[in-house]
Amino acid sequence: MPKITPEGIFVDGRIVVRRYLNLEHGPISTVVAIVLHQTDSSTAQQTFNSYARSPHGAHFLIDKNGQVYQTASLFMRCQHVGRHIRSRCLEIDKPSCDSVAMARIQAMSWSNHVRALDAHERAKPYPQRYPINGDSIGIEIVGRSIDDKKYETVTSEQNNSLQWLTGELYSHFSISSKDVYKHPQVSYKNPGEAASGVPK
Ligand SMILES: [Zn+2]
Numbered sequence: 064m065p066k067i068t069p070e071g072i073f074v075d076g077r078i079v080v081r082r083y084l085n086l087e088h089g090p091i092s093t094v095v096a097i098v099l100h101q102t103d104s105s106t107a108q109q110t111f112n113s114y115a116r117s118p119h120g121a122h123f124l125i126d127k128n129g130q131v132y133q134t135a136s137l138f139m140r141c142q143h144v145g146r147h148i149r150s151r152c153l154e155i156d157k158p159s160c161d162s163v164a165m166a167r168i169q170a171m172s173w174s175n176h177v178r179a180l181d182a183h184e185r186a187k188p189y190p191q192r193y194p195i196n197g198d199s200i201g202i203e204i205v206g207r208s209i210d211d212k213k214y215e216t217v218t219s220e221q222n223n224s225l226q227w228l229t230g231e232l233y234s235h236f237s238i239s240s241k242d243v244y245k246h247p248q249v250s251y252k253n254p255g256e257a258a259s260g261v262p263k
């Protein structure tokens, strides 16, 4: 089991702590999942520069060379998933959707559809819906977006660190690889984000 301080910081020689209090938005209720991201930056420093003045970010950052940084407390909520979640049932288990509600939502204009679907999904318990900021840990992997469909390939050093870190988080939060998602699955993003990241 990993050691965690009362402030929610991992105690491990493989982690460098660079905590940004502005990324933390109140206590996290429970952690049921992990969401993987890519930064659209080429260096960790570029992401630190944006973290210094932004409310948006995640709990961990993995640099190109595999160095893991903890950037927020495990006990606090970060804004990394985005405002509106997609529908898990629509994408992976259509018969389990409420077909009447879905038909009503799908008939709406796109922006109303996105908002109504988010509200409909948030009323469900996990894992019937995708994770949200209030119940997930975010891991950012340094890498640029190449175009509107693709991101840089995650380095083997980054994937080694990702596998170690996800393994530690699985045992701490009693979750598994079934609870790891890539950002574009969960909300509306470039479909290539974190595509080449391989969790444990
Ligand atoms: Zn993301």
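For the sequence shown, the tail end lands on 263 under this note's numbering, and the numbers increase by one without skipping. Glycine residues also receive a C-beta, built at the ideal position from the N, C-alpha and C atoms.
> In terms of residues, what are the limits of the beta strand (DSSP E) holding L99?
Replying inline: A96 to Q101
> Along the chain, which unbroken stretches of the beta strand (DSSP E) at least 3 residues long are found entirely within the region 147–225?
Replying inline: 199–204
> Which residue's Cα is closest to the Cα of Q169: K213, K252, R149 and L137?
Replying inline: R149
> When DSSP builds the beta bridges, which residues end up paired with K241?
Replying inline: For K241, which the question treats as bridged, DSSP gives no partner whatsoever.
> Does the Cβ-Cβ distance between V205 and K127 come in under 8 angstroms?
Replying inline: yes
> With respect to the alpha helix (DSSP H) encompassing Y114, which residues constitute its N-terminal and C-terminal limits?
Replying inline: A107 to Y114
> Any heavy atom of ligand 1 closer than 7 angstroms to the CB of K252?
Replying inline: yes
> Can you list, in chain order, every residue whose CB sits closer than 5 angstroms to a heavy atom of ligand 1?
Replying inline: H100 and H246
>> I'd like to check one pair, L137 with I200: are the Cβ atoms closer than 8 angstroms?
In response: yes
> Using the C-alpha atoms, what's the distance from V177 back to G76?
Replying inline: 42 angstroms
>> Can you tell me whether F265 is helix, strand or coil according to DSSP?
In response: The first residue shown for the chain is 64 and the last is 263, placing residue 265 beyond what the model contains.
> Considering only the beta carbon of each residue, do R140 and N196 sit closer than 8 angstroms?
Replying inline: yes
>> Count Cβ pairs between the region 222–234 and the region 115–133 that sit closer than 8 angstroms; are there 3 or more?
In response: yes
> Where does G89 land, buried or exposed, given buried means 16+ other C-beta within 10 angstroms?
Replying inline: exposed
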